Amino acid sequence: MSAFDSFPLGRPAFVNNILDRAAHLRRHDDKLLAFEGHPATRAYVVHRDSLVVKRENGGTRALLSINEALKFGANPGTIFLGLRDGAAVFGMGISQAAADKLINREDVAVTELRGMAMQGIVPPAELSAIAMAKSLVSWHQRHGYCANCGTRTAMKEGGWKRDCPSCKAEHFPRTDPVVIMLVTAGEKCLLGRQKQFPQGMYSCLAGFVEAAETIEDAVRREIFEESAIRCTDVSYYMTQPWPYPSSLMIGCTARALSEDIVVDHTELEDARWFSRDEARLMLARQHPDGLAGPHPFAIAHHLVGRWAHADKPGA
Ligand SMILES: [Zn+2]
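Printed below as a string of structure tokens:
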């Protein structure tokens, strides 16, 4: 299955959650405990940007039984992600030392999630649930102490909260909004590249929404900061959860009011205008100069693709 089949236009990774979050169960410790002991219960085990998967029958399986997860060395703390066909699914973390012990085993792999998703090794339908596990495991690992008084906090509500036993502050997992936008000027679109991108790859400009800022202002500000282009008519297209570690990509379009680009080289290596034909060739990896667009895994591909194919009947 190619990346284009896995992530057809309008369906990037992480957007189609197979789990019912069943948030009403999070406060019922007795029910969560019963789920942990139930044979149908499964878990995703996450280590930093990687996923622990079982190798079997020539393929891999990301959903592990709780026993498998514990045998592989996963930390016992479970995060309740939700229900799949009535069975509970948890997220679990694993220490560096335990993950290191798995490296030479033939029946298990600790593999970087993004690479696995891009190569179709993890079914696209599971990516959203894995993203939940990844973001929450990461949050617990980084937020063990109260930001208010410094006391060690305790996991509550199936992992959707941490409480401070000393000052009684409640801490909730955060999601950071990021705007990512396709700016167009008639038949051209603005794309940029960061130094760390693969050679020849260009993508949409993006940046974090700042405190007390609207999405529209964030789009206009980021575009101006990075390219000196003024833009207007900001429209929302779609969002994509981005678990690195816990962002929400807010996909927008905007119309440029000017065309002279001044690249901010602290942010970008280059930014330029591309025609619709060029954008189509870049997305298909057929550009004569070897230029490429963003991978179908990412929302940027879909922002560019929707515009690039908009002039074709039936697209
Ligand atoms: Zn506290």
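The working numbering applies: residue 3 is where the sequence shown begins, and numbers increase by one. Positions of the beta carbon are idealized from the N, C-alpha and C atoms, including for glycine. These numbers were taken from a predicted model, which means no experiment stands behind them.
With a threshold of 6 Å on Cβ separation, who are the neighbours of M240 within its own chain once the five nearest residues in sequence on each side are excluded?
G253
Do A156 and ligand 1 come close, with the Cβ less than 7 Å from some heavy atom?
no
In its own chain, which residues sit with a C-beta less than 7 Å from the C-beta of A24, not counting the 5 before and 5 after it?
G84, L85
Beta-carbon within less than 7 Å of A300's beta-carbon, same chain only, minus the 5 sequence neighbours each way: which residues are those?
P14
Rounded straight-line distance, which links the Cα of N59 to that of L138:
Approximately 30 Å between the Cα atoms of the pair.
With hydrogens ignored, establish whether the beta-carbon of C233 is closer than 7 Å to any heavy atom of ligand 1.
no
Work out the CA separation of S67 and T268 for me, nearest whole Å.
46 Å
Tell me E218's beta-bridge partners as DSSP assigns them.
Beta-bridge pairing links E218 to no other residue.
Taking the straight line between their C-alpha atoms, what separation do you get for E6 and Q242?
For clarity, residue 6 is Phe in the given sequence; the question names Glu instead. Each residue's alpha carbon lies about 17 Å from the other.
Helix, strand or coil: which one does DSSP assign to K103?
helix
Among G39, K190, Y246, V211, the one whose alpha carbon lies nearest that of S130:
Out of G39, K190, Y246, V211, Y246 has the C-alpha closest to the C-alpha of S130.
Thinking V48 and G93 are a contact (beta carbons under 8 Å), I'd like their distance in whole angstroms, please.
The beta carbons of V48 and G93 sit about 6 Å from each other, so the pair counts as a contact at 8 Å.
Taking E128 as the reference, which of K103, R57, N19, R164 has the closest Cα?
N19
Output the distance between the C-alpha atoms of L207 and D279, rounded to the nearest integer angstrom.
20 Å
Ignoring anything shorter than 4 residues or poking outside the stretch 10-87, list the alpha helix (DSSP H) runs there in chain order.
31-38, 68-73
When the Cα atoms are used, what is the spatial distance from A135 to A187?
Those two C-alpha atoms are separated by around 40 Å.
If I follow the unbroken beta strand (DSSP E) through R176, where does it start and stop?
Unbroken run through R176: none, as it is neither H nor E.
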